[in-house]
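Report on the structure given below.
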Amino acid sequence: MSGSRVQTQAETYLRLLGYLRPYWGRFGLAVLCTFVVGSLGAAPALLVKYAVDDVLIARDMGMAFLISAAVVAVFGIRAVVAYGQSYFMYWVGQRVVMDLRNELHRHLVRLPMRFFEGKTTGELMAKSLYDISLMQKAATSSIRDLGRDFFTFIALLCVAVYQNPKMTLIFLAVFPPVGFLIARMGEKVRRITRRSQERIGILSALMKETYAGIRVVKAFGAEGYEGERFARANLSFFRQVMGAMRVRALAPSLVEGIGGVLAGVILWLGALMVMRGEVTAGELSSFLVAIGMVYSPLKSLTRVYHTLMEGLAGSQAVFELIDAQGPEETNPDGRKMGRLSQGIRFEGVSFAYETAPVLRDIRLDIPAGKVLAVVGLSGAGKTTLLDLIPRFYVPASGRILYDGADGAELDLQSLRAQIAVVGQHVTLFNDTVSANIAYAVEGPVDPKAVEAAARAANAHGFISALPQGYGTVLGEEGVRLSGGERQRIAIARAILRDPSILLLDEATSSLDSESEKIIQEALERLTRGRTTVVVAHRLSTVRAADAIAVLDDGQLVDFGTHEMLMARGGLYRKLHEMQFAPGAPEDLRPEEPLPLLRGPGGAA
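Right under this line is the structure:
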């Protein structure tokens with residue numbers, strides 16, 4: 292929830308381990324295998340004593356056979372159990388990753404629109420991919436390695452204590468200061484990793500921007516600029532990663548250096564003890580092998596600890612995202628909305644992004660089945676007004692009524708089920724034509740209904756000419772289609788939805804004249820009998836609307852039909868004269884009024 296406190300590392304890790312709960316069975320098997328693998332790792336050190344004293348010195352061939360058989364058995368069992376350890380832990384890890392990604396994705400798509408302001412796609416993708424992969428290592432890989440190395444370390448330590456307790460105490464004396472240094476290094480790794488996560492988000496955003504806008508990049512010859520921009524961000528990421536690597540590499544080297552000094556001291560003391568007859572050569576050999584083998588899991592434990600710190604950094608970033616804001620209020624127990632029969636009313640509606648006011652005290656009636664056009668200068672608040680109708684945003688003050696019911700009291704899903712949006716920028720998915728059109732409705736859709744919607748949108752002709760017709764995959768953002776074709780797919784999607792409220796946001800402003808006429812015909816069919824609100828840049832497309840609302844700096848400054856507004860001589864007339872002046876671009880001065888938005892009773 293918003294304003295939640297930052298979790299401690301222990302709380303974060305316990306929360307992460309909670310994702311293992313559904314898989315305790317397999318996870319328990321993996322931990323059991325880890326215990327066996329770790330414990331058997333100490334067996335060679337224990338067997339050395341008997342190999343030296345009973346085989347090399349006493350020349351007992353029977354013991355030689357037993358020791359050889361024991362070595363084969365130990366390594367054979369360890370190999371089989373290690374396979375089970377790796378398999379079960381990997382399976383659990385991948386399930387945890389899948390669950391985390393599903394939860395994060397479900398959470399993100401349910402967040403209100405305000406959350407996505409200022410967020411880049413790359414940043415969110417990095418959390419879904421990079422950060423969660425770090426979490427997987429902390430939840431499973433680290434536990435596997437930590438358990439294996441810990442059990443091996445304890446088993447070897449037991450062998451060392453059994454062979455020579457005094458020298459074992461000397462060996463253990465260096466642990467507290469070394470452990471303190473490693474913990475400090477781990478905390479630094481965690482902080483650096485958080486900064487690295489930000490850099491990977493920037494890299495992802497840059498790549499998406501560049502590839503999505505590759506036509507613009509090539510058109511302006513900006514390949515070199517984009518390459519340099521990416522290289523700078525990549526270098527920044529490299530420096531962060533290397534900062535963490537410098538710290539990570541220092542810990543094993545520290546253990547190695549201290550271990551070398553200790554090994555020399557212990558070897559010298561051990562030699563004295565053998566000469567005095569305090570220990571046998573086999574006992575000393577077993578002790579030295581055990582101590583020597585301890586360094587491998589000890590160094591590995593330092594690496595695992597740093598991996599764990601990286602995983603905690605990823606976990607904190609993902610959990611902060613999940614906890615930062617609750618999902619959009621859908622009010623499922625609210626009043627269910629049917630088809631609009633009376634109309635939409637704005638009662639003193641105001642809205643602001645952060646602190647900047649966008650709409651102020653809007654009072655407006657839109658009768659059911661009528662067409663309202665919204666015009667104004669850029670930044671006047673036209674699109675924001677449109678976004679308030681499906682409650683993408685909630686008014687800061689005032690209310691919007693649908694058939695007399697306050698939108699805040701309605702079931703949000705039932706409200707949006709009555710609305711279709713067709714904008715200037717059409718979103719198409721990397722799926723078939725049929726799936727893109729059927730996206731408007733839930734559940735299976737009759738292919739005949741999809742085709743009927745496409746025909747009504749004047750899209751059936753070009754769809755049939757595609758390589759696989761309605762089964763053709765369109766590519767990302769419908770890259771295989773022209774702007775006009777994408778627009779007709781969007782209209783077909785809206786027709787299939789059969790809404791009672793239609794929102795058009797400059798749906799024809801970027802099209803050529805031929806495409807515009809085809810789409811105008813499709814839009815005329817779509818708007819027939821539906822409550823329609825249209826934001827238009829070209830005033831020629833709204834002249835036949837039932838009413839026109841004129842916005843200026845977030846305020847409703849005029850309202851009426853085209854003829855009424857022209858007669859008053861206000862802002863609408865100024866905008867009209869600007870577009871139809873002799874020097875205006877050709878696309879703003881059509882030879883005759885276009886037929887768009889011919890509402891019931893509207894002018895032809």
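Whatever position you read off the sequence shown (first residue = 1), add 291 for this note's numbering.
Virtual Cβ for every residue (Gly too), placed ideally from N, Cα, C.
Quick caveat, the model's predicted, so the values are computed rather than measured.
Taking the Cβ atom as the reference point for each residue, do residue i and residue j lie within a distance shorter than 9 Å?
{"i": "Gly617", "j": "Leu703", "result": "no"}
{"i": "Ala659", "j": "Ala840", "result": "no"}
{"i": "Phe642", "j": "Leu650", "result": "yes"}
{"i": "Met628", "j": "Ser705", "result": "yes"}
{"i": "Val666", "j": "Leu842", "result": "yes"}
{"i": "Ile792", "j": "Thr822", "result": "yes"}
{"i": "Val383", "j": "Leu311", "result": "yes"}
{"i": "Glu408", "j": "Tyr644", "result": "yes"}
{"i": "Ala430", "j": "Ile491", "result": "no"}
{"i": "Glu768", "j": "Leu719", "result": "yes"}
{"i": "Phe593", "j": "Lys499", "result": "For the record, residue 593 in the displayed sequence is Thr; it is not Phe. For Thr593 and Lys499, no; Cβs fall outside 9 Å."}
{"i": "Thr443", "j": "Gly329", "result": "yes"}
{"i": "Ala333", "j": "Gly375", "result": "no"}
{"i": "Ile557", "j": "Phe471", "result": "no"}
{"i": "Ile691", "j": "Glu638", "result": "yes"}
{"i": "Ala731", "j": "Leu787", "result": "yes"}
{"i": "Asp614", "j": "Arg636", "result": "no"}
{"i": "Gln531", "j": "Ser495", "result": "no"}
Roughly how many angstroms lie between the CA atoms of residue i and residue j, to the nearest whole one?
{"i": "Leu541", "j": "Gly353", "result": "47 Å"}
{"i": "Pro681", "j": "Ala699", "result": "11 Å"}
{"i": "Tyr381", "j": "Gly319", "result": "13 Å"}
{"i": "Ala581", "j": "Val570", "result": "15 Å"}
{"i": "Val371", "j": "Asp440", "result": "17 Å"}
{"i": "Asp344", "j": "Gly573", "result": "5 Å"}
{"i": "Thr484", "j": "Glu601", "result": "6 Å"}
{"i": "Lys479", "j": "Val538", "result": "8 Å"}
{"i": "Glu877", "j": "Leu420", "result": "The predicted model places Glu877 with a pLDDT of 43, which falls under 50 and marks its position as unreliable, so this point remains unresolved."}
{"i": "Asp436", "j": "Ala446", "result": "15 Å"}
{"i": "Gln715", "j": "Leu305", "result": "47 Å"}
{"i": "Val712", "j": "Gly820", "result": "16 Å"}
{"i": "Gly561", "j": "Thr325", "result": "33 Å"}
{"i": "Gly861", "j": "Asp849", "result": "8 Å"}
{"i": "Thr303", "j": "Met476", "result": "19 Å"}
{"i": "Val579", "j": "Ala301", "result": "Rather than Val, the amino acid found at residue 579 in this sequence is Leu. Those two C-alpha atoms are separated by around 37 Å."}
{"i": "Phe521", "j": "Arg392", "result": "27 Å"}
{"i": "Leu553", "j": "Ile348", "result": "28 Å"}
{"i": "Asn749", "j": "Phe871", "result": "29 Å"}
{"i": "Ile754", "j": "Glu812", "result": "17 Å"}
{"i": "Arg880", "j": "His867", "result": "Summary for Arg880: the model assigns pLDDT 42, below 50, so the residue's position carries little reliability; its value from the coordinates is reported in the next sentence. Their Cα atoms are separated by approximately 10 Å."}
Of the residues the options, which one's Cα is nearest the Cα of residue i?
{"i": "Glu619", "options": "Leu399, Thr325, Leu323 and Tyr374", "result": "Leu399"}
{"i": "Glu854", "options": "Asp837, Leu589 and Ser419", "result": "Asp837"}
{"i": "Pro313", "options": "Leu331, Gln385 and Arg369", "result": "Gln385"}
{"i": "Gly774", "options": "Glu517, Asp737 and Ile809", "result": "Ile809"}
{"i": "Leu847", "options": "Val640, Leu794 and Val327", "result": "Val640"}
{"i": "Ser433", "options": "Ala740, Val450, Leu308 and Glu302", "result": "Leu308"}
{"i": "Ala785", "options": "Thr621, Pro758, Ala708 and Gly762", "result": "Ala708"}
{"i": "Gly851", "options": "Ala756, Met416 and Tyr863", "result": "Tyr863"}
{"i": "Ile358", "options": "Ser377, Leu337, Gly375 and Tyr374", "result": "Leu337"}
{"i": "Gly605", "options": "Ala858, Ile423 and Arg829", "result": "Ile423"}
{"i": "Ser377", "options": "Val565, Leu323 and Gly555", "result": "Leu323"}
Does residue i come out as helix, strand or coil in the three-state DSSP assignment?
{"i": "Ser725", "result": "helix"}
{"i": "Ala430", "result": "helix"}
{"i": "Ile680", "result": "coil"}
{"i": "Ala838", "result": "strand"}
{"i": "Thr822", "result": "strand"}
{"i": "Asp390", "result": "helix"}
{"i": "Gln846", "result": "strand"}
{"i": "Ser669", "result": "coil"}
{"i": "Ser495", "result": "helix"}
{"i": "Pro876", "result": "Residue placement at Pro876 cannot be trusted, given a pLDDT of 48 that sits under 50; the coordinates are not used to answer."}
{"i": "Ser791", "result": "coil"}
{"i": "Tyr730", "result": "coil"}
{"i": "Arg520", "result": "helix"}
{"i": "Val712", "result": "strand"}
{"i": "Leu765", "result": "coil"}
{"i": "Leu308", "result": "helix"}
Got a sec: does the ligand PLP put a non-hydrogen atom nearer than 8 Å to the Cβ of residue i?
{"i": "Ala430", "result": "Ligands displayed in this structure: none; no statement on the ligand PLP is therefore possible."}
Between residue i and residue j, which are expected to be in contact by the criterion C-beta below 8 Å, what is the C-beta distance as a whole number of angstroms?
{"i": "Phe379", "j": "Arg317", "result": "5 Å"}
{"i": "Glu517", "j": "Val508", "result": "6 Å"}
{"i": "Ala781", "j": "Val741", "result": "Not confirmed; about 14 Å, so no contact."}
{"i": "Lys794", "j": "Val824", "result": "A small fix is needed here, since residue 794 is Leu in this sequence, not Lys. Correct: roughly 5 Å between the Cβ atoms."}
{"i": "Val826", "j": "Leu677", "result": "6 Å"}
So with Cβ pairs under 9 Å, would you call residue i a contact of chain B?
{"i": "Ile434", "result": "In the structure shown, chain B does not exist; there is a single protein chain."}
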